[in-house]
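Here the sequence shown is numbered in our numbering, starting from 18 and rising by one per residue.
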Amino acid sequence: MSSILIIEQILNGLQFGVMLFLMAAGLTLIFGVMGLINLAHGSLYMVGAFAAAAVAGVTGSFLLALVAALAAAALAGAIVEMVVIRRLYNAPHLDQVLATFALILIFSEGTRWVFGSFPLFLDIPDALSGPVTLPGGIEYPLYRLTLIGIGLAVAVGLWALIERTRLGIQIRAGENDREMIAALGVDISKLYTLVFALGAALAGLAGALVGAIQSVQVGMGEPVLILAFVVIVIGGIGSVRGAFIGALLVGLTDTLGGVFLPELFKLFMDNGAAQKSGSALASMGIYVLMGLVLIWRPTGLFGARA
18 MSSILIIEQI LNGLQFGVML FLMAAGLTLI FGVMGLINLA HGSLYMVGAF
68 AAAAVAGVTG SFLLALVAAL AAAALAGAIV EMVVIRRLYN APHLDQVLAT
118 FALILIFSEG TRWVFGSFPL FLDIPDALSG PVTLPGGIEY PLYRLTLIGI
168 GLAVAVGLWA LIERTRLGIQ IRAGENDREM IAALGVDISK LYTLVFALGA
218 ALAGLAGALV GAIQSVQVGM GEPVLILAFV VIVIGGIGSV RGAFIGALLV
268 GLTDTLGGVF LPELFKLFMD NGAAQKSGSA LASMGIYVLM GLVLIWRPTG
318 LFGARA
């Protein structure tokens with residue numbers, strides 16, 4: 018197996034990981050600050066993808082499509098928080114799960130009503146199409162490299178927001194003692210709406226970026242949501258740093274396992290059986306990783322110890 022293939026798959030894993038981080042970061046912020054289990058987070062990913070595809074189809078501008086994805090997902094998140102989620106903060110987790118599952122159905126049917134059942138397609142902009150030559154003569158798609166760069170930039174920006182700004186202080190305080198910051202004069206309702214909209218915007222951005230390399234269709238957010246939950250369990254609930262590390266681990270494990278495990282199985286069986294067995298084992302890899310992490314540290318890599 019060539020070193021070029023290995024490097025290409027590592028880059029693919031990094032690209033997948035940083036896109037998962039955009040989903041998981043918003044999810045872990047919402048759970049950490051509000052204590053809310055939000056199953057509808059994947060629907061906000063879908064909203065961003067559809068908004069981007071629709072605006073790009075009308076204007077032909079990929080940049081405007083990204084802006085539309087951020088705005089649409091943030092607006093949808095803010096409305097959902099004010100209309101539905103605000104009534105669930107003191108409810109049992111089962112009620113939160115049922116209510117946000119109902120939101121999945123509403124978003125799915127509403128999207129199908131507006132855009133139809135057929136998938137939409139978002140073209141990669143001309144400036145980012147084609148391959149770029151990396152050191153060692155490796156050709157890799159420029160758009161996927163751009164996704165890695167955007168994901169890393171968002172991670173740095175999110176870290177700066179949480180660690181270096183007044184809003185970040187309020188978010189971190191809200192994770193530890195929401196009653197105290199409310200007593201100190203912070204409008205907790207506005208803070209919750211802002212955090213929910215920020216998490217929704219990150220999910221919408223991920224949907225728009227990924228929408229250019231796969232079709233945009235109803236229900237596209239749910240498989241990504243499952244992986245995002247795995248990410249925050251591995252990284253530690255409420256930890257943005259944990260979400261970033263966990264997302265990279267999941268991305269690399271899923272991508273490298275899917276490529277190299279079938280090759281390993283070919284040493285012991287025919288190609289067809291090797292591909293089937295290797296792919297099946299690779300799909301289990303991230304859950305095995307999650308299990309090993311939880312055995313070692315039940316609160317996740319960067320979660321607070323009990």
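For glycine and all other residues, C-beta sits at the position ideal for the given N, C-alpha and C.
Next item on the list: Give the straight-line distance between the Cα atoms of GLY274 and TRP313, rounded to the nearest whole angstrom.
Entry: 22 Å
Notebook entry, point to check: When we look at the beta-carbon of PHE261 and count the other beta-carbons within 10 Å, is it buried (16 or more) or exposed?
Noted result: buried
Checklist line | Of the residues ASP143, ILE198 and VAL171, the one placed nearest PRO158, counting alpha carbons only | finding: ASP143
Check: If we ignore side chains and look at the alpha-carbon of each, how far apart do GLY147 and SER78 end up?
Finding: 18 Å
Check: Just to confirm, are GLY228 and ALA66 a CB contact at a threshold of 8 Å?
Finding: yes
Notebook entry, point to check: DSSP on VAL149, reduced to helix/strand/coil?
Noted result: If DSSP states are grouped into helix, strand and coil, VAL149 belongs with the strands.
Next item on the list: Enumerate in chain order the residues of its own chain whose CB-to-CB distance from PHE48 is below 8 Å, with the five nearest sequence positions on each side excluded.
Entry: Same-chain partners within the cutoff: ILE54, ASN55, ILE249, ILE254 and GLY255.
Note to self: According to DSSP, simplified to helix, strand and coil, what is ILE141?
What the structure shows: coil
Item checked: Cutoff 8 Å; reference GLU25; Cβ partners in own chain excluding five residues on either side -> The beta carbon of GLU25 sits closer than 8 Å to the beta carbons of ILE155 and TYR157 from its chain, once the five residues preceding and following it are set aside; these are given in chain order.
Note to self: For the pair the segment 97-104 and the segment 34-42, tell me if three or more CB-CB distances fall below 8 Å.
What the structure shows: no
Notebook entry, point to check: If we count the other Cβ atoms within 10 Å of its Cβ and call it buried at 16 or more, is SER19 buried or exposed?
Noted result: exposed
Check: Do GLY252 and GLY259 have their C-beta atoms closer together than 8 Å?
Finding: yes
Check: Among all the DSSP beta bridges, which residues are the ones paired with ILE155?
Finding: LEU151
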